[in-house]
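Position 301 of the sequence shown, counting from 1, maps to 301 under full-length UniProt numbering, and the rest follow consecutively.
Just so you know, even glycine gets a beta-carbon here, dropped at the ideal spot from N, CA and C.
Bear in mind that the values here come from a model prediction, so they are computed numbers and not experimental data.
Everything on this sheet refers to the single structure shown next.
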Amino acid sequence: MVTGQPALSRVPRANHFNILFLESSNRGRRILTVPVAKSLLSVLKGERQAVSPIWLMRQAGRYLPEYRALRETKGGFLALATDPDAAAEVTLQPIRRFGFDGAILFSDILMVPWALGQDLTFGVGEGPRLTPPLIDHALGALDRVPERLEPVYQTVTRVAGALPPETTFLGFAGSPWTVATYMVAGQGSKDQGETRSYAYQDPIAFGAIIDAIVELTIDYLARQIEAGVEAVQLFDSWAGSLSPAQFERWVIAPNAAIVAGVKERCPGAVVIGFPKGAGAKLPAYARETGVDAVGLDETVDPRWANDVLPTGMPVQGNLDPLALLAGGQALDEGIDRVLAAFVDRPHVFNLGHGIGQHTPIAHVEALIARVRG
């Protein structure tokens with residue numbers, strides 16, 4: 001239990017149920033309560049909604065004062081993410097404040113390499129570090145520590161029991177290419193050059209890294225689903241750095257293997273793919289990976305995406321996070337462009353990437369009000 005933090009309780013919402021009044025000549029009026037549908041989950045399964053459901057990448061994060069206060073008590077990101085009570089509380093904070101249609105599990109894409117045996121640290125102002133980097137060490141030399149993922153599943157269980165019934169619970173993992181860039185280089189980079197070179201120079205060794213990530217990610221996502229999430233997202237933050245041939249090999253094929261593996265283990269599982277920067281390769285990704293919905297980053301013209309993506313496929317996105325930061329006319333116009341482009345398609349409103357830490361709360365409230373009309 002987090003020190004000074006109250007026990008988790010179900011997040012209150014005004015309308016958990018639709019109330020139906022049934023007339024009967026003999027018994028008068030009877031009341032029947034029908035659970036409110038999960039609009040986000042319905043859209044991800046291919047149903048169009050009059051109003052696009054909303055969640056935002058990094059909706060639980062540093063722009064929220066309640067998040068900053070809780071993180072300060074834990075002393076660091078990893079300590080926060082591996083404390084099930086604290087991580088559950090962080091997951092629920094934006095639901096309490098904004099009433100988003102989806103809650104996204106609070107965790108990190110680098111939990112998988114941590115479980116594969118690399119050490120994970122989050123230095124102040126320098127981002128995550130993985131040691132030893134696999135550019136210098138063999139994958140086989142690592143000692144796997146799968147129990148490092150247990151707090152994630154415990155977090156899922158806690159959140160699932162506290163969410164409003166109309167809120168869809170999303171889990172996630174990093175896609176193999178993006179995770180591998182951190183495992184090989186030991187940290188993030190601007191162009192992933194070190195990992196791209198390694199993949200060209202020793203595709204067998206690099207393929208073994210990808211295969212290890214795929215295998216563990218299937219289990220990781222399946223266990224999230226078994227613990228209570230209702231859909232999962234694969235984040236491929238660095239998908240845009242690859243050539244078309246390498247994209248096919250290191251993005252499409254591994255993600256397709258994960259989707260197939262998760263769906264085999266959890267029939268009916270719903271998977272969102274988010275290949276950031278994929279651009280013209282998006283249609284192939286959507287067709288060939290088996291994902292149920294595709295997320296778009298802010299560089300994608302939503303009108304183009306609507307024209308080239310498979311008919312009826314749910315789309316998620318894709319407001320520029322900087323338009324949200326700016327607010328005002330830029331925000332309103334950006335929202336309207338996205339909504340207009342996807343009026344005839346199942347659509348989840350989201351950003352093209354994560355919400356910035358300096359984003360005003362009022363701008364998020366304005367976004368929600370405009371999307372919901």
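- The DSSP-derived three-state label of G328 is helix.
- For I104, DSSP records a beta bridge to L170.
- Partner residues in the beta bridge of A231, as assigned by DSSP, are L170.
- Taking C-beta atoms under 8 Å as the contact rule, L41 and E230 qualify, at a distance of about 6 Å.
- Three or more Cβ pairs drawn from the stretch 195 to 213 and the stretch 174 to 183 lie within less than 8 Å of each other, which places the two stretches in contact.
- No Cβ-Cβ contact shorter than 7 Å links I54 with V300.
- Residue range V271 to P275 is occupied by the beta strand (DSSP E) that includes I272.
- The residues T82 and P84, in chain order, have a CB closer than 6 Å to that of P151 in the same chain once the five nearest residues on each side in sequence are set aside.
- Annotation: V43 to A138 spans about 43 Å, alpha carbon to alpha carbon.
- DSSP assignment within the stretch 50 to 113 yields the following whole alpha helix (DSSP H) runs of 4 residues or more, N-terminal first: 65 to 74, 77 to 81 and 84 to 98.
- With fewer than 16 other Cβ atoms from the protein chains shown falling within 10 Å of its own Cβ, Y200 counts as exposed.
- Boundaries of the alpha helix (DSSP H) around R370: I361 to R372.
- The DSSP-derived three-state label of G123 is strand.
- The C-beta of V145 has fewer than 16 other C-beta atoms within 10 Å across all chains shown, which makes the residue exposed.
- D108 and G352 have their C-alpha atoms spaced approximately 18 Å apart.
- For R58 and T167, the gap between their C-alpha atoms comes out near 17 Å.
- Comparing C-alpha distances from Y182 to each of L319, P132 and P164 shows the shortest one belongs to P132.
- The three-state secondary structure of A340, taken from DSSP, is helix.
- Its chain contains R129 as the residues whose beta carbon lies nearer than 6 Å to that of Q187, once the 5 sequence neighbours on both sides are disregarded; these appear in chain order.
- Residue environment analysis places D336 among the exposed positions, since fewer than 16 neighbouring C-beta atoms fall within 10 angstroms of its C-beta.
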